[in-house]
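What follows is a single structure, written as structure tokens, with notes after it.
2 protein chains.
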Amino acid sequence: MSELNFSLKQTDSGSSARRGVLRTAHGDVQTPVFMPVGTAAAIKGTTAAQVEETGAEIVLSNTYHLMLRPGVETIEKLGGIHNVMAWEKPILTDSGGYQIFSLEALTKINDNGVEFSSHVDGKNFFIDAKIATDLQNRIGADIIMCFDQCAPYPADEKVLLEAVERSIRWAGECKEAHANPKQMLFGIVQGGIDLELRSRCAKELVDIGFDGYAIGGLSVGEGHEKMIRTVEHTAAILPEDKARYLMGVGTPADIIAAVRNGVDMFDCVLPTRNGRNAFAFTEEGPMRLRNSVHINDTGPIEEGCDCYCCQNYCRGALRHYFNVKEMLGPILVSLHNLRFYQRLMSAIRQKIEADEFAGWSEEKLKKYKNLYH
Amino acid sequence: MSELNFSLKQTDSGSSARRGVLRTAHGDVQTPVFMPVGTAAAIKGTTAAQVEETGAEIVLSNTYHLMLRPGVETIEKLGGIHNVMAWEKPILTDSGGYQIFSLEALTKINDNGVEFSSHVDGKNFFIDAKIATDLQNRIGADIIMCFDQCAPYPADEKVLLEAVERSIRWAGECKEAHANPKQMLFGIVQGGIDLELRSRCAKELVDIGFDGYAIGGLSVGEGHEKMIRTVEHTAAILPEDKARYLMGVGTPADIIAAVRNGVDMFDCVLPTRNGRNAFAFTEEGPMRLRNSVHINDTGPIEEGCDCYCCQNYCRGALRHYFNVKEMLGPILVSLHNLRFYQRLMSAIRQKIEADEFAGWSEEKLKKYKNLYH
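Top to bottom, those sequences are chains W and U. Taking this note's numbering, the leading residue of the first sequence gets 1, the next gets one more, and so forth. Taking this note's numbering, the leading residue of the second sequence gets 1001, the next gets one more, and so forth.
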């Protein structure tokens, strides 16, 4: 595993922002990075070539969904997740924990693992740290995640503590079970917004030792300020020479604030989910393409945007596609939003390189907080 | 209009097949040609760039759908249909006649024109030859079609005759009304499978004089043999120096048989409609991607196919996408089918050029008739 690592290139003098490179078995990833989400092995509505064209260097897929359909055995027979997704660059899989704990069909949970019924056909499954790791070893992503318990927000102190203790114990079991040297294994810090619990969890995980560390259990209803306070606290106690990944986050403001606090990796469904709902991200704020104000508008979603949608289609056409329910509307706005996020990350990386990130990000943060909440 | 024309490059020695070039205001089209259908100004599920990548040189859109949504005034304000579709190559619009006469909401029809209610909101519209031409002048396609009456199959002699007489009268009115010199105007021969009526209609239209001639009113239930007999008869009496377009056709066998009889242009929803339903065209016959036989199949839809789908995605992945209802399934199989049709047209053109079309097409026709009916 010696060639799989995170290398810190530069740190910002005015904040904790970092510029780095994540070396994986499928190539390098420039950080800070945003990972489009391909829940069921597809970034919804887009081909791999289109996603690559948005500038994405790494994508995410969900173990929970993959294990149900098409099933891990099928993914193996199809040559692994890269083959299935027609994506030759890095891929990260989550452990399935988040989805399983969010499920209403969750039937039984104890220190050993979790029993749940599939949301597809009601079939029962048992999953524990060893199984979650084995599944991910076989799915074959470049970065895999420890099986953890994500507590809801708000949560009782007892529930939160239990989730942290289990996540720590399971992390150890995951590391022990991990059997694919081509994959990096990341630990996940839990603890809700309880900073002491976060410290404890982070410390224990670092003692076990992982290829990278995620901050999980956030963006579950606690709000931007509490989330960022937790991120600031947690990121600061994670090792400097490992990548830090804030799971499931977030809005442009969330991302900028987290980068200021030293986070390197992000994933979120917002660009594609919003895109399907005719919501476009722009520097001037949200644009809702179903709005009749756009009917005769010959301009692109965003003047100066270099995405395929903005380079070719006008707002009037997009408004029409949503109005008549043509798939092309969701496709094009998803592509724009994915590119918007990649342009944001690219600007972040450039500003860190130029050591101008602190001031720039303060302005942007203020602006985006106003525009997107 | 002197530069907009059809130029015959070569004729096949063993059949009536022709190799030509259609010169339009947005560039040349090599014939025989297949036009993907963009009913509502989008080839369903695909971007303009993806359609271009399949090799399409011209696409079709439907005046009836466009006049309802987004409306012709909006298309004008958006800079015309090329701008709306982000398609810089040639476009053809039908006149709307076919859709209007197929509508159950059709309220009134007489020699002057047609009254109908929109299938979208019930709003009443009146359309006649002059209006249909004006709408198409304003939509701005490179090739526009005369407003005609398409009789159902089977139809009473009287109904058929009335439809032919109206189509002839309206064709004259369309030519008179046509006011956009950048557009070619095609006449449409009607007459069902009545060869005498077809002759009469063709003769009258040729007397009026058009930039090209379509054979309409076929592929409405009469079956392959009757259709081709009608095409053979009709194409033979159309002028050699004008393009011949068989509307709404068809299967691979339909196309090959029609090319053998001197048809130059085709359009059909089959590649995209079938693609959305997981039906892929291949040289070995239909492949149904929902079939569980493909679950673990690492092969492409078609070995040797150069389409984006076959170059990147395996059958197992496609089967999975249809199974979990990911948009990517319909998108990818539509792209494959569009490319299948373009490869067919490309082979047809090459075989005519090499003067090997007669024998080749006989074999292909036999094969495709067996595979696709």
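The beta-carbon is built from N, C-alpha and C at its ideal position, and this holds for glycine as well. As the structure is a prediction and not an experimental result, all values here were calculated from the model.
Distance, residue j Cα to residue i Cα
i: residue 190 of chain W; j: residue 69 of chain W; result: 28 Å
i: residue 1001 of chain U; j: residue 1185 of chain U; result: At residue 1001 of chain U the pLDDT is 45, less than 50, meaning the model places this residue with poor confidence; the figure from the coordinates comes in the next sentence. Distance between the alpha carbons of residue 1001 of chain U and residue 1185 of chain U: 10 Å.
i: residue 1065 of chain U; j: residue 1218 of chain U; result: 21 Å
i: residue 280 of chain W; j: residue 318 of chain W; result: 11 Å
i: residue 282 of chain W; j: residue 302 of chain W; result: 6 Å
i: residue 1178 of chain U; j: residue 1202 of chain U; result: 20 Å
i: residue 1220 of chain U; j: residue 1030 of chain U; result: 27 Å
i: residue 132 of chain W; j: residue 148 of chain W; result: 10 Å
i: residue 1164 of chain U; j: residue 1173 of chain U; result: 14 Å
i: residue 326 of chain W; j: residue 1307 of chain U; result: 23 Å
i: residue 289 of chain W; j: residue 1207 of chain U; result: 49 Å
i: residue 85 of chain W; j: residue 1315 of chain U; result: 12 Å
i: residue 1052 of chain U; j: residue 20 of chain W; result: 38 Å
i: residue 1146 of chain U; j: residue 94 of chain W; result: 58 Å
i: residue 1101 of chain U; j: residue 1151 of chain U; result: 8 Å
i: residue 1336 of chain U; j: residue 1311 of chain U; result: 10 Å
i: residue 365 of chain W; j: residue 222 of chain W; result: 18 Å
i: residue 14 of chain W; j: residue 62 of chain W; result: 36 Å
i: residue 1137 of chain U; j: residue 1276 of chain U; result: 32 Å
i: residue 23 of chain W; j: residue 144 of chain W; result: 14 Å
i: residue 1274 of chain U; j: residue 1338 of chain U; result: 10 Å
i: residue 9 of chain W; j: residue 265 of chain W; result: 15 Å
i: residue 1198 of chain U; j: residue 120 of chain W; result: 56 Å
Span of the beta strand (DSSP E) around residue i
i: residue 1317 of chain U; result: No beta strand (DSSP E) contains residue 1317 of chain U, which is instead part of the alpha helix (DSSP H) from 1315-1323.
i: residue 36 of chain W; result: 33-36
i: residue 93 of chain W; result: 91-94
i: residue 1019 of chain U; result: 1018-1024
i: residue 214 of chain W; result: 212-215
i: residue 245 of chain W; result: 243-246
Residue i and residue j closer than 8 Å at C-beta
i: residue 309 of chain W; j: residue 324 of chain W; result: no
i: residue 1140 of chain U; j: residue 1228 of chain U; result: no
i: residue 1127 of chain U; j: residue 1096 of chain U; result: yes
i: residue 1328 of chain U; j: residue 54 of chain W; result: no
i: residue 25 of chain W; j: residue 242 of chain W; result: no
i: residue 1245 of chain U; j: residue 1192 of chain U; result: no
i: residue 1017 of chain U; j: residue 1343 of chain U; result: no
i: residue 213 of chain W; j: residue 195 of chain W; result: no
i: residue 1330 of chain U; j: residue 1036 of chain U; result: no
i: residue 348 of chain W; j: residue 357 of chain W; result: yes
i: residue 98 of chain W; j: residue 252 of chain W; result: no
i: residue 135 of chain W; j: residue 1296 of chain U; result: no
i: residue 42 of chain W; j: residue 1372 of chain U; result: no
i: residue 1129 of chain U; j: residue 1087 of chain U; result: no
i: residue 92 of chain W; j: residue 142 of chain W; result: yes
i: residue 1255 of chain U; j: residue 1216 of chain U; result: no
i: residue 1377 of chain U; j: residue 1210 of chain U; result: Given that chain U is displayed from residue 1001 to residue 1373, the structure contains no residue 1377 of chain U and the question cannot be resolved.
Start and end residues, alpha helix (DSSP H) containing residue i
i: residue 1265 of chain U; result: Note, residue 1265 of chain U: premise wrong, no alpha helix (DSSP H); beta strand (DSSP E) at 1265-1268.
i: residue 1227 of chain U; result: 1224-1236
i: residue 334 of chain W; result: 328-353
i: residue 159 of chain W; result: 157-177
i: residue 85 of chain W; result: 81-85
i: residue 203 of chain W; result: 195-208
i: residue 369 of chain W; result: 357-371
i: residue 1219 of chain U; result: Where residue 1219 of chain U is concerned, there is no enclosing alpha helix (DSSP H), given that its DSSP letter is neither H nor E.
i: residue 1102 of chain U; result: 1097-1102
Buried versus exposed, by CB contacts within 10 Å (16 or more), residue i
i: residue 350 of chain W; result: exposed
i: residue 1353 of chain U; result: exposed
i: residue 249 of chain W; result: buried
i: residue 113 of chain W; result: buried
i: residue 263 of chain W; result: buried
i: residue 90 of chain W; result: buried
i: residue 123 of chain W; result: exposed
i: residue 156 of chain W; result: exposed
i: residue 1286 of chain U; result: exposed
i: residue 38 of chain W; result: buried
i: residue 374 of chain W; result: Outside the displayed range of chain W (1 to 373) lies residue 374 of chain W, so it cannot be described from this structure.
i: residue 1012 of chain U; result: buried
i: residue 1293 of chain U; result: exposed
Any non-hydrogen atom of the ligand SAH within 7 Å of residue i CB
i: residue 1062 of chain U; result: This structure simply doesn't include the ligand SAH, nor any ligand for that matter.
task = Please confirm if the stretch 1072-1087 of chain U is in contact with the stretch 1105-1113 of chain U, defined as three or more CB-CB distances below 8 Å between the two stretches.
result = no
ask   = Listed in chain order, which residues of the stretch 1081-1105 of chain U have Cβ atoms closer than 7 Å to some Cβ of chain B?
value = Absence of chain B from the displayed structure is noted, the protein chains being W and U.
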